[in-house]
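Note sheet for the following structure.
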Amino acid sequence: MTSATHRSAEEIGRTATGPREVPPLGEQRAAADLAHVDTVLGNGLRLLAVRKANVPLVEFRLSIPFAGDDPMHPATAEVLAESLPTGTRRRDRVAIDTELALIGGELATMVDPERLAVNGSSLASELPTLLDVLADVLTEASYVDNEVHRESARIGERLAVARTQPRVIAREALQRRRYGDHPYTREVPQAADVAEVTPERVRALHAAAVLPRGSTLVLVGDIDPDTVAADIERALADWHSPSSASVLPALPELSGGDALLVPRPGAVQSQIRLSAQALPRTDSRYAALQLANLAFGGYFSSRLVENIREEKGYTYSAHSGFEFTGSNATVQVDADTASEVTAAALLETRYELGRLGLVPPTAEEVETVRQYAIGSLLIATSSQSGLASQLSALASVGLGVDWLAGHPERLAAVTADEVAEAALEFFAPKRFTGVVVGDPDTLEPKLSALGNIAVERGA
Amino acid sequence: MAVPELTRLTLDNGLRVVLAPDRTAPVVGVSVHYDVGFRSEPEGRTGFAHLFEHLMFQGSESLEKLAHFRHVQGSGGIFNGSTHPDYTDYFEVLPSAGLERALFLEADRMRAPKLTKENLVNQIDVVKEEIRLNVLNRPYGGFPWILLPPVLYSTFPNAHNGYGDFTDLEQASIDDCAAFFDTYYAPANAVLTVAGDFEVDRATELIEKHFGDVPYRPVPPRPSFAEPRPTGELRGSHSDPHAPLPALAVGYRMPDPVNELDGYLGNLVLSGLLADGDGSRLQQRLVHREPLVTDINAGAGLFGPFEARDPDTFSVTAVHPHEVSPEQVLGALDEELEALAATPPDEQELAKITARWSASLHSEHDRLISRTLALGSFELLYGDPALVYGLADRIAAVTPSDVSAAAKALRPDARAVLVVEPAQGGTQ
Chain X
7 MTSATHRSAE EIGRTATGPR EVPPLGEQRA AADLAHVDTV LGNGLRLLAV RKANVPLVEF
67 RLSIPFAGDD PMHPATAEVL AESLPTGTRR RDRVAIDTEL ALIGGELATM VDPERLAVNG
127 SSLASELPTL LDVLADVLTE ASYVDNEVHR ESARIGERLA VARTQPRVIA REALQRRRYG
187 DHPYTREVPQ AADVAEVTPE RVRALHAAAV LPRGSTLVLV GDIDPDTVAA DIERALADWH
247 SPSSASVLPA LPELSGGDAL LVPRPGAVQS QIRLSAQALP RTDSRYAALQ LANLAFGGYF
307 SSRLVENIRE EKGYTYSAHS GFEFTGSNAT VQVDADTASE VTAAALLETR YELGRLGLVP
367 PTAEEVETVR QYAIGSLLIA TSSQSGLASQ LSALASVGLG VDWLAGHPER LAAVTADEVA
427 EAALEFFAPK RFTGVVVGDP DTLEPKLSAL GNIAVERGA
Chain R
1252 MAVPELTRLT LDNGLRVVLA PDRTAPVVGV SVHYDVGFRS EPEGRTGFAH LFEHLMFQGS
1312 ESLEKLAHFR HVQGSGGIFN GSTHPDYTDY FEVLPSAGLE RALFLEADRM RAPKLTKENL
1372 VNQIDVVKEE IRLNVLNRPY GGFPWILLPP VLYSTFPNAH NGYGDFTDLE QASIDDCAAF
1432 FDTYYAPANA VLTVAGDFEV DRATELIEKH FGDVPYRPVP PRPSFAEPRP TGELRGSHSD
1492 PHAPLPALAV GYRMPDPVNE LDGYLGNLVL SGLLADGDGS RLQQRLVHRE PLVTDINAGA
1552 GLFGPFEARD PDTFSVTAVH PHEVSPEQVL GALDEELEAL AATPPDEQEL AKITARWSAS
1612 LHSEHDRLIS RTLALGSFEL LYGDPALVYG LADRIAAVTP SDVSAAAKAL RPDARAVLVV
1672 EPAQGGTQ
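And the structure:
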């Protein structure tokens, strides 16, 4: 179509010399040790500061346990997160943005049922200013009326958009299916609740819940960890409380059950979301389970992706991965598929779950996922932001640099038998529950025929 | 940061090579950029460049289907590819022990990819699922990158849907694939980039060993995609079955990104001044002060800056409540642009944009994938990979009057306005 003469596809696919051997791997250099400080400050905040000086930047991740069982908590927390950087006694919204911009800085806040996260970065030489702004919003956030009302209105508009996103609809359905009415299910607040949030309520929540004790601060960048600890102790001296940040109540253990068909009339694509109980990173069997998950659906060369994407073309994206919540962990299996092939994709997904235990990963499969687990960790933590995010997740459950540095060794020690045991126990189809969100007219006849499906009525 | 040592060379078959060693972490990035994107698709084959990108992962003379993925991931690496208006890139990042393997994999598919009917049919299904996921089944799918170009541009290369229509995708044949490969995937039409943990001499040997015998083929003449600028305001609308709120995209033409780089950077700084951060002019006025919109963005390039040749698009997008009209948003935008055209911004306002760009470029290049891809695309589009490290200074050199001139050129009578209307008439 683009040139008058060209070779045929067959001619293109062969050369005179024929196929060649894939070269072996070379010698791998180890990553440099990370100079770091891991300490608890006077105000109860755990600080993990790591020197990684590739570029002249510094990244921080502040994670504050932020659970609440008041029905208004999710809405109030969302407004708090959006309004936190909108003003203090010393600085208004524009002053905060200007001061951050001039140091190449950013500050972002996010909240979920478990934690309030405040993340930021700037040029490393400007860390004192970044810390000053951070301390200011933590101790002096003013939540002036017009800023709070404006943020509430924007959140209401964004919620309208979010609740039309298939992945948000599917997530809310999965959360209800897994955990009923546990506070953990309230990830996206109700617009009506957001509209009722008052500045007084936000200020009260800040005073009661934005607390250093039990929180973690990870700092990664072109810094000296030894001196930075004292700098941070000084900068955050006014942030203190005898109380501890509020920890989410333990999640109930998941047990298996029918997947629920959640109707979304007219949808051209469905969301398959299955979930089962897994193991936290602190468990001695975690590394084996991690490898079993990779072999199942945790990376592109997995059984699930090769089956429902590369062989059958049912999906663009299929994936399985862990979700860590407090000391709990679950595994999720996700795929988005055209309505016509959704039941077939669910059948193949269940087949692969069963097969993982009954026909466990071969020694070659285990070697491949082992290399992938070690290599992708090395890649993810080779940038400042990647390392900061990884360490923040670990610090929140009491782990740190030693766990990260020791993980390649744990992965290297896992045997194929241990992977097979983990696969049989944790990926058994009967342990899974979940949802399928999609067009009921197309899905119901085939899913009903497949079985182990419940149908949501009167939605 | 010290500017890293850059080595450039060209093999006898015309393959251009960029080497950027950095031994601070034991990982290496490899990318190949081919000088063809969706602007080069013929009529009747929309989406073909992207579909072909999928096929390049499906096997080659030495590798069965699925083997490419297994070899990269089994070396501890990650991989992907992406299709842009003017180029298509393929990349992997691996622990540095995997360097030779990555070079082998890229060379093998450049030399002899296996293009089969079975894989084509399978990947047409996968691409259709990708389009359902990213466009058809989601609110604001394809906004604005698919929806705005047909309003702003009038020629097929610039105006058509780069993801492609299902009917065009289904008609793609193996012979189309063979023609596309032979025309555009010649070594002389590509740039190989290696960045990260390696030694230049050793890498050069390995590159010669694996790519050296990929036969030379002539490079197709690169057509100009130039077309006249709009001579009036162009309007379009799109009914979105999933969107709960109306949205608006405004598209303008910009200076040539390659041959008028400083003018282009003036637009880049202008976009930051308008919409980057709470203190920016449009955020201040339209989100916080008046307020008319939920969110507003402005940017040079529909996929980000520096990823296309001329013509390229400056865009402003906003989502707004039903009770606000597009004219109110446009009126405020025009007033802010006129104010900037009449009175240049002060130095501090510019310093904010400059410092944020400097930090964000450092941050982007700290990720090896981003650094590798940036070096490759700057070699391909600009013939100058070192520009990656000079950008922060070039951006800092933009003056208040440059920004003023950029604002003055964004005229109401030479732009496209796309309105997205919620098909269900409101929030559920």
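Residue numbers (my numbering), protein chains in the order written: chain X, 7 to 465; chain R, 1252 to 1679. Where a beta carbon is used, it is the ideal one built from N, C-alpha and C, also for glycine. All values derive from a computational prediction rather than experimental measurement.
{"Asked": "Would the beta-carbon of residue 1359(R) fall within 7 Å of that of residue 1282(R)?", "Found": "no"}
{"Asked": "Taking the DSSP output, what are the residues bridged to residue 1500(R)?", "Found": "1568(R), 1669(R)"}
{"Asked": "Just to make sure I have the definition right: I need the residues of chain R whose C-beta is within less than 9 Å of the C-beta of residue 299(X). Which are they?", "Found": "Neighbours of residue 299(X) on chain R: none; closest Cβ ~14 Å, over 9 Å."}
{"Asked": "Determine whether the Cβ of residue 1617(R) lies closer than 7 Å to any Cβ atom of chain X.", "Found": "yes"}
{"Asked": "So if I threshold CB-CB distances at 7 Å, which residues from the region 1260-1281 of chain R count as touching chain X?", "Found": "1275, 1276, 1277, 1278"}
{"Asked": "Quick one, which of 1447(R), 1399(R), 1621(R) has its alpha-carbon nearest residue 1670(R)'s?", "Found": "1399(R)"}
{"Asked": "Go to residue 1641(R), then tell me how far its alpha helix (DSSP H) extends in each direction, as first and last residue.", "Found": "1638-1647"}
{"Asked": "Expressed to the nearest angstrom, what Euclidean distance is found between the alpha-carbon atoms of residue 360(X) and residue 367(X)?", "Found": "12 Å"}
{"Asked": "Give, in chain order, every residue of the region 1398-1428 of chain R whose Cβ lies closer than 8 Å to some Cβ of chain X.", "Found": "1425, 1426, 1427, 1428"}
{"Asked": "Can you tell me the Cα-Cα spacing of residue 1376(R) and residue 1643(R), whole angstroms?", "Found": "42 Å"}
{"Asked": "Taking 7 Å as the cut-off, decide whether the C-beta atoms of residue 114(X) and residue 162(X) are in contact.", "Found": "no"}
{"Asked": "Spatial neighbours of residue 428(X) within its chain, please: C-beta separation below 7 Å, excluding the five flanking residues on both sides.", "Found": "291, 294, 295, 298"}
{"Asked": "Does the region 209-225 of chain X come close enough to the region 49-59 of chain X that 3 or more CB-CB pairs lie under 8 Å?", "Found": "yes"}
{"Asked": "What three-state label does DSSP hand residue 348(X) in the structure shown?", "Found": "helix"}
{"Asked": "The alpha helix (DSSP H) that contains residue 1361(R), what's its start and end?", "Found": "1350-1362"}
{"Asked": "With distances taken between CB atoms, is the gap from residue 176(X) to residue 1607(R) smaller than 7 Å?", "Found": "no"}
{"Asked": "Is it right to say residue 388(X) is buried, meaning 16 or more other beta carbons lie within 10 angstroms of its own, or is it exposed?", "Found": "buried"}
{"Asked": "Check the Cβ of residue 1326(R) against every Cβ in chain X and list those closer than 7 Å, keeping chain order.", "Found": "31, 377, 381"}
{"Asked": "Residues of chain R with CB under 7 Å from residue 156(X), in chain order?", "Found": "1539, 1542"}
{"Asked": "Please compile the residues from chain R whose C-beta is within a distance smaller than 7 Å of the C-beta of residue 13(X).", "Found": "1429, 1433"}
{"Asked": "Given this structure, state the Cα-to-Cα distance separating residue 251(X) from residue 259(X), to the nearest angstrom.", "Found": "24 Å"}
{"Asked": "Spatial neighbours of residue 1668(R) within its chain, please: C-beta separation below 6 Å, excluding the five flanking residues on both sides.", "Found": "1486, 1501"}
{"Asked": "Taking DSSP as the reference, what is the three-state secondary structure of residue 3(X)?", "Found": "Residue 3(X) falls outside the range modelled here, since chain X spans only 7 to 465, and no answer is possible."}
{"Asked": "Shorter than 7 Å from the beta carbon of residue 1609(R) to some beta carbon of chain X?", "Found": "yes"}
{"Asked": "Mind checking the region 80-103 of chain X against chain R and listing, in chain order, the residues whose C-beta falls within less than 9 Å of any C-beta there?", "Found": "91, 92, 99, 100, 101, 102, 103"}
{"Asked": "Short check: CB of residue 1626(R) to CB of residue 1639(R), under 7 Å?", "Found": "yes"}
{"Asked": "Which whole-angstrom value describes the C-beta separation of residue 1445(R) and residue 1279(R), a residue pair presumed to lie in contact below a C-beta threshold of 8 Å?", "Found": "7 Å"}
{"Asked": "Kindly list, in the order they appear in chain X, the residues whose Cβ is closer than 7 Å to that of residue 1545(R).", "Found": "160, 163, 164"}
{"Asked": "Keeping to the same chain, check which residues put their C-beta closer than 8 Å to that of residue 21(X); ignore five residues upstream and five downstream.", "Found": "none"}
{"Asked": "What's the C-alpha gap between residue 1563(R) and residue 346(X)?", "Found": "39 Å"}
{"Asked": "Taking the straight line between their C-alpha atoms, what separation do you get for residue 386(X) and residue 364(X)?", "Found": "32 Å"}
{"Asked": "Flag residue 314(X) as yes if its beta-carbon sits less than 7 Å from any beta-carbon of chain R, otherwise no.", "Found": "no"}
{"Asked": "Is it buried or exposed for residue 1475(R), if we count other Cβ within 10 angstroms and need 16 for buried?", "Found": "exposed"}
{"Asked": "To which residues of the same chain is residue 1438(R) closer than 6 Å at the C-beta, ignoring the five residues directly before and after it?", "Found": "1264, 1265, 1266, 1465"}
{"Asked": "Apply the 10 Å Cβ neighbour rule to residue 202(X) and answer buried if 16 or more other Cβ atoms are within range, or exposed otherwise.", "Found": "exposed"}
{"Asked": "Could you tell me which chain B residues have their CB closer than 9 Å to the CB of residue 34(X), listed as they occur along the chain?", "Found": "Going by chain labels, chain B is absent from the structure shown, which instead holds the protein chains X and R."}
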